[in-house]
Amino acid sequence: MKSATTEARGIRALLIGLALVWLALIILLPLLAVFAQAFDKGFATFWAAIVEPDALAAIRLTLLTAIIVVPLNCVFGMCAAWAISKHDFRGRDLLTTLIDLPFSVSPVVAGLMFVLLFGANGWFGPWLIAHGVRIMFAVPAIVIATAFVTFPYVARELIPLMSAQGKAEEEAALTLGAGFFQTFWHVTLPNIRWGLLYGVLLTNARAMGEFGAVSVVSGHIRGLTDTMPLHVEVLYNEYNFVGAFAVASLLAALALVTLAAKALLEWRHRDSIAASGH
Amino acid sequence: MATASALPAPGGAGRRKPIFRRRVAMPGLGLTLGVTLLWLGLLVLLPIAAVIVRSLGLGPAHFAEVALSARALAAYRLSFGAALAAAAINGVFGLLIAWVLVRYDFPGKRLAGALVDLPFALPTAVAGIALTAIYANTGIVGGPLGKIGITLAYNPAGVVLALIFIGLPFVVRTVEPVLADLGQDIEEAAATLGASRLIVFRRVLLPEILPALLTGFALAFARGVGEYGSVIFIAGNMPFRSEIAPLLIVTQLEQFDYEGATAIAAVMLVVSFAMLAVINLIQARERTWRNGG
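Top line first, the protein sequences correspond to chains D and G.
Per numbering that gives the first Met the number 0, the first sequence starts with residue 0, numbered consecutively.
Per numbering that gives the first Met the number 0, the second sequence starts with residue 0, numbered consecutively.
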């Protein structure tokens, strides 16, 4: 019997089929292609491409960048979320909008901004050169550009979550004589830990995978300032497809781990991250 | 919340006025707001100001000359046109996927739902080379398509394809929660009154999800306009034909043409901020409309 609020079986099957075919064409096939191409010439060739010195240098630089950027933006995100969700002040909505700005800036434009600040012709360029400080086309610029593109992730996860939780529990702790750090550590942090972990995962995935912004500021010095995504591009442009896809498969594996962790978090702790947008 | 009211009232037992609980001041505003403003100012606002100030310094005539050169105009046309086309296609298929995920049960549904998020997590350069591997004329989809005369790589169609990949989750993830929240009672009412499923969809459901669909469309469009990593591998990158605006910025930087790069970046920044304003407006209107209704 046909219900009034659903479709006939045939139409339902057709819609499901169309959706799945589209997902397969746009998302699943490219994902599988990464691994298929990486292992196209066998495991030994794959492994050789990973342990090659320039690839190892790229992996090290990518890890270093993430290790610096993720904690910084984590602390910033917690500060921003505390200020915005537990307090009321003038310009609060404006501040929330400004925090989102990096999401709407093209990565290439983001990279260019730092060239205009730290490049030889930039605002601080001449001073930096005179004092022997190297930022452009070196690790500091890569870290700064990555920090820019990953700036909003943690704050964006925590602000809606902490706003929804209100401040009654913190007020209780403060009434009982706890200080700010005690209250945050013992009361707020346990309530937001899953949302925070989620924000950290997203920050880390983007930090390790950023291409456009880092590409503009890195200078592409092989073995020195090439991150993993940049190394993928170099190998690809040299027609070393197995090498390019081998390094790319590590990044794809990172993306899969991120997605799996996200699915697990949503499944086990739906309530404690439910306030966040996606 | 219950824990808070169960606690003794502030002010101590001596005063015995449990009804009037004194509000405690939340601490830490100075410190946290200070850190936030410092980090925001140094990392985001100062760099944005650099682009604006440097492009203003070019003077209006010179700015127009480099920002609106024939090659730059062709690049904007491609970036905006491809982003618009991809966002429109994502509007249709994103809505379809969200609908199927919310309304139907089928084997592999959880996996399909998780796959939708892949473009958020997969590095753009990886997406770029992977899409090229599939859709170039040597790939498993591009090959057969090439035999019937359809080329999807190394031309503007390749740009649209990459932007479809990048933008899909924005539409699905904004439409999905709204669709899930819709009660089926109005649909039932409409059906009782004799409306067919198609009419119910067009007249009852579509108006309800339209604001979310528009938000998803705008987010996908905004992301697509500035996208670089996934596009450059599949686009072909021919000036005037398949060269996107972010690539033109990179090319000019490599030729030490900082003025040209800065002017084009300023145009893209202004467009991004306009898009952000539009998205905020749609969401604000949706909120007041929901609360009002």
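Beta carbons: idealized from backbone N, C-alpha and C, even for Gly.
Model, not experiment: these values are computed from the prediction.
Distance CB(residue i)-CB(residue j) smaller than 8 Å
{"i": "residue 97/G", "j": "residue 207/G", "result": "no"}
{"i": "residue 105/D", "j": "residue 275/G", "result": "no"}
{"i": "residue 213/D", "j": "residue 221/D", "result": "no"}
{"i": "residue 85/G", "j": "residue 223/G", "result": "yes"}
{"i": "residue 211/G", "j": "residue 173/G", "result": "yes"}
{"i": "residue 278/G", "j": "residue 214/G", "result": "yes"}
{"i": "residue 226/D", "j": "residue 60/D", "result": "yes"}
{"i": "residue 246/G", "j": "residue 227/G", "result": "yes"}
{"i": "residue 216/D", "j": "residue 110/D", "result": "yes"}
{"i": "residue 167/D", "j": "residue 80/D", "result": "no"}
{"i": "residue 241/G", "j": "residue 123/G", "result": "no"}
{"i": "residue 193/D", "j": "residue 249/D", "result": "no"}
{"i": "residue 119/D", "j": "residue 128/D", "result": "yes"}
{"i": "residue 152/G", "j": "residue 233/G", "result": "yes"}
{"i": "residue 116/D", "j": "residue 189/G", "result": "no"}
{"i": "residue 146/D", "j": "residue 72/D", "result": "yes"}
{"i": "residue 203/G", "j": "residue 185/G", "result": "yes"}
{"i": "residue 162/G", "j": "residue 244/G", "result": "no"}
{"i": "residue 132/G", "j": "residue 22/D", "result": "no"}
{"i": "residue 67/D", "j": "residue 117/G", "result": "no"}
{"i": "residue 261/G", "j": "residue 53/G", "result": "yes"}
{"i": "residue 169/D", "j": "residue 186/D", "result": "yes"}
{"i": "residue 303/D", "j": "residue 151/D", "result": "Only positions 0 to 277 of chain D appear in this structure, which leaves residue 303/D out of reach."}
{"i": "residue 100/D", "j": "residue 43/G", "result": "yes"}
{"i": "residue 101/G", "j": "residue 179/G", "result": "yes"}
{"i": "residue 46/G", "j": "residue 207/D", "result": "no"}
{"i": "residue 48/D", "j": "residue 54/D", "result": "yes"}
{"i": "residue 24/D", "j": "residue 140/G", "result": "yes"}
{"i": "residue 14/D", "j": "residue 95/G", "result": "yes"}
{"i": "residue 95/D", "j": "residue 158/D", "result": "yes"}
Limits of the alpha helix (DSSP H) - the one that residue i falls within
{"i": "residue 230/D", "result": "227-236"}
{"i": "residue 146/G", "result": "141-146"}
{"i": "residue 66/D", "result": "52-85"}
{"i": "residue 91/D", "result": "91-103"}
{"i": "residue 158/D", "result": "152-164"}
{"i": "residue 68/G", "result": "Here residue 68/G belongs to no alpha helix (DSSP H), and DSSP marks it neither H nor E."}
{"i": "residue 137/G", "result": "Segment: none, residue 137/G is in no alpha helix (DSSP H) and carries neither H nor E."}
{"i": "residue 11/D", "result": "8-22"}
{"i": "residue 240/D", "result": "240-267"}
{"i": "residue 181/D", "result": "179-182"}
{"i": "residue 118/D", "result": "Careful: residue 118/D lies outside any alpha helix (DSSP H) and carries neither H nor E."}
{"i": "residue 35/G", "result": "28-39"}
{"i": "residue 169/D", "result": "167-174"}
{"i": "residue 53/G", "result": "45-55"}
{"i": "residue 36/D", "result": "28-37"}
Residue i: contacting residues in chain G (beta-carbon distance under 8 Å)
{"i": "residue 235/D", "result": "128, 232"}
{"i": "residue 11/D", "result": "103"}
{"i": "residue 147/D", "result": "42, 43, 46"}
Amino acids of chain D, ordered along the chain, whose beta-carbon sits closer than 8 Å to that of residue i
{"i": "residue 279/G", "result": "96"}
{"i": "residue 240/G", "result": "Simply none; closest approach about 19 Å."}
{"i": "residue 299/G", "result": "The shown model of chain G, from 0 to 292, leaves out residue 299/G, and the question about it has no answer."}
{"i": "residue 245/G", "result": "105, 106, 107, 108, 211"}
Under 9 Å by beta carbon: chain G residues contacting residue i
{"i": "residue 21/D", "result": "92, 95, 96, 167"}
Partners in chain D for residue i, counting only beta-carbon separations shorter than 7 Å
{"i": "residue 85/G", "result": "The premise fails here: residue 85/G is roughly 11 Å from chain D at the closest Cβ pair, so nothing lies under 7 Å."}
{"i": "residue 133/G", "result": "28, 29, 32"}
{"i": "residue 196/G", "result": "6"}
{"i": "residue 252/G", "result": "111, 114, 215"}
{"i": "residue 209/G", "result": "The premise fails here: residue 209/G is roughly 19 Å from chain D at the closest Cβ pair, so nothing lies under 7 Å."}
{"i": "residue 264/G", "result": "108, 111"}
{"i": "residue 257/G", "result": "120"}
{"i": "residue 113/G", "result": "258, 262"}
Chain D contact residues for residue i, given Cβ-Cβ distances below 9 Å
{"i": "residue 140/G", "result": "24, 28"}
{"i": "residue 123/G", "result": "106, 208, 209, 210, 211, 228"}
{"i": "residue 249/G", "result": "107, 110, 111, 211, 214, 215"}
Neighbouring residues, chain G, relative to residue i (Cβ below 7 Å)
{"i": "residue 15/D", "result": "99, 103, 105"}
{"i": "residue 112/D", "result": "46, 47, 49, 50"}
{"i": "residue 86/D", "result": "25, 28"}
{"i": "residue 18/D", "result": "95, 96, 99"}
{"i": "residue 243/D", "result": "128"}
{"i": "residue 78/D", "result": "31, 34, 35"}
{"i": "residue 251/D", "result": "121, 125"}
{"i": "residue 81/D", "result": "27, 31"}
* Asked: For the region 176-251 of chain G, which segments carrying the alpha helix (DSSP H) assignment without a break, of at least 4 residues, lie completely within its bounds, in sequence order?
  -> 184-191, 196-199, 205-225, 228-234
* **Interfacial residues, the region 49-70 of chain G to chain C, with Cβ spacing under 7 Å** => Checking the listed chains, one finds no chain C in this structure; the protein chains it contains are D and G.
* Where in the region 88-129 of chain G do unbroken runs of the alpha helix (DSSP H), each at least 4 residues long, occur, reported from the N-terminal end onward? -> If one requires a minimum length of 4 residues, the alpha helix (DSSP H) runs lying completely within the region 88-129 of chain G are 108-115, 117-120, in chain order.
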